[in-house]
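Sequences listed follow chains A and B, in order.
The numbering of the first sequence is the numbering used here, which starts it at 78 and goes up by one.
The numbering of the second sequence is the numbering used here, which starts it at 13 and goes up by one.
By construction, the Cβ of each residue, glycine as well, lies at the ideal position given by its N, Cα and C atoms.
Quick caveat: nothing in here was measured; it's all calculated off a predicted structure.
A short worksheet on the structure shown next.
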Amino acid sequence: GQQLNQSPQSMFIQEGEDVSMNCTSSSIFNTWLWYKQEPGEGPVLLIALYKAGELTSNGRLTAQFGITRKDSFLNISASIPSDVGIYFCAGRPSGSARQLTFGSGTQLTV
Amino acid sequence: DAGITQSPRYKITETGRQVTLMCHQTWSHSYMFWYRQDLGHGLRLIYYSAAADITDKGEVPDGYVVSRSKTENFPLTLESATRSQTSVYFCASRGTDSNQPQHFGDGTRLSIL
Numbered sequence: 078g079q080q081l082n083q084s085p086q087s088m089f090i091q092e093g094e095d096v097s098m099n100c101t102s103s104s105i106f107n108t109w110l111w112y113k114q115e116p117g118e119g120p121v122l123l124i125a126l127y128k129a130g131e132l133t134s135n136g137r138l139t140a141q142f143g144i145t146r147k148d149s150f151l152n153i154s155a156s157i158p159s160d161v162g163i164y165f166c167a168g169r170p171s172g173s174a175r176q177l178t179f180g181s182g183t184q185l186t187v
Numbered sequence: 013d014a015g016i017t018q019s020p021r022y023k024i025t026e027t028g029r030q031v032t033l034m035c036h037q038t039w040s041h042s043y044m045f046w047y048r049q050d051l052g053h054g055l056r057l058i059y060y061s062a063a064a065d066i067t068d069k070g071e072v073p074d075g076y077v078v079s080r081s082k083t084e085n086f087p088l089t090l091e092s093a094t095r096s097q098t099s100v101y102f103c104a105s106r107g108t109d110s111n112q113p114q115h116f117g118d119g120t121r122l123s124i125l
């Protein structure tokens with residue numbers, strides 16, 4: 078199946094720092110989604126991206142759909158303790174009705 | 013508003029037993045999905061369904077059976093559980109448009125002894 082490489086796998090940061098994580102693929106994607114998962118819960122959608130080059134914000138979170146359509150970035154500014162969790166990227170490959178492929182997640186500790 | 017609910021939240025069973033995990037959504041979403049989440053693998057798609065009575069295999073379907081007799085329910089059955097099926101299982105749903113994001117339940121933690 079499609080492979081998504083998400084990095085870093087984990088991050089330990091100080092409160093107030095900015096955070097960056099990204100996902101890359103060898104294939105072109107039509108949709109990029111970013112989810113956050115907290116312990117004992119399911120992933121919750123943070124940001125959805127549908128066009129190459131699109132830059133979308135949700136509070137302190139900003140995500141971008143890469144121009145090549147093979148990558149996406151998530152930035153968190155001025156991190157706070159409640160940002161702790163696992164962040165997943167997910168993408169829908171172009172063509173047919175393929176379902177989402179998920180990255181392996183970035184564990185964020187503040 | 014319940015949205016999407018999974019039951020049970022926790023289950024312990026023995027190798028060889030049959031186990032059914034339930035998923036119920038109140039949005040009338042056409043698509044429903046089952047994933048398993050394991051350390052180092054992220055979320056892997058087991059089965060999905062585009063509508064009632066329509067199901068398709070995902071990335072890791074072996075050892076699992078699904079059915080969708082009603083739009084709102086999508087049960088996942090392990091007919092003869094194995095230890096390798098110990099995992100956290102998530103159900104998700106979305107509308108007809110493939111660009112719509114999936115919304116997830118809170119998961120079922122399944123342990124097979």
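Excluding its 5 nearest sequence neighbours in each direction, Gln114 (chain B) has C-beta neighbours in its own chain below 6 Å: Ala104, Arg106, listed in chain order. Listed along chain B, the residues sitting closer than 8 Å to Glu118 (chain A) by beta-carbon distance are Asp118, Gly119. Interface flag for Leu122 (chain A) against chain B is set, since a Cβ pair is found closer than 8 Å. Counting of Cβ neighbours within 10 angstroms places Gly70 (chain B) among the buried residues, the total reaching 16 or more. Counting only the Cα atoms, Ser96 (chain B) lies some 11 Å from Leu122 (chain B). Counted as a single uninterrupted DSSP element, the beta strand (DSSP E) harbouring Gln49 (chain B) occupies residues 43-50. The Cβ-Cβ distance between Gln18 (chain B) and Met34 (chain B) falls below 8 Å. Distance from the CA of Glu131 (chain A) to the CA of Met98 (chain A), rounded to the nearest whole angstrom, comes to 17 Å. Annotated three-state conformation of Arg169 (chain A) is strand, per DSSP. Residues of the region 141-170 of chain A whose Cβ lies closer than 7 Å to any Cβ of chain B, in chain order: Phe165, Arg169.
With its beta carbon at least 8 Å from every one in chain B, Thr183 (chain A) lies outside the interface.
Annotated three-state conformation of Arg106 (chain B) is strand, per DSSP. When only Cα atoms are considered, Ile24 (chain B) and Thr83 (chain B) end up about 28 Å apart. For Tyr60 (chain B), at least one C-beta of chain A is nearer than 8 Å to its own C-beta. The DSSP-derived three-state label of Gln91 (chain A) is coil.
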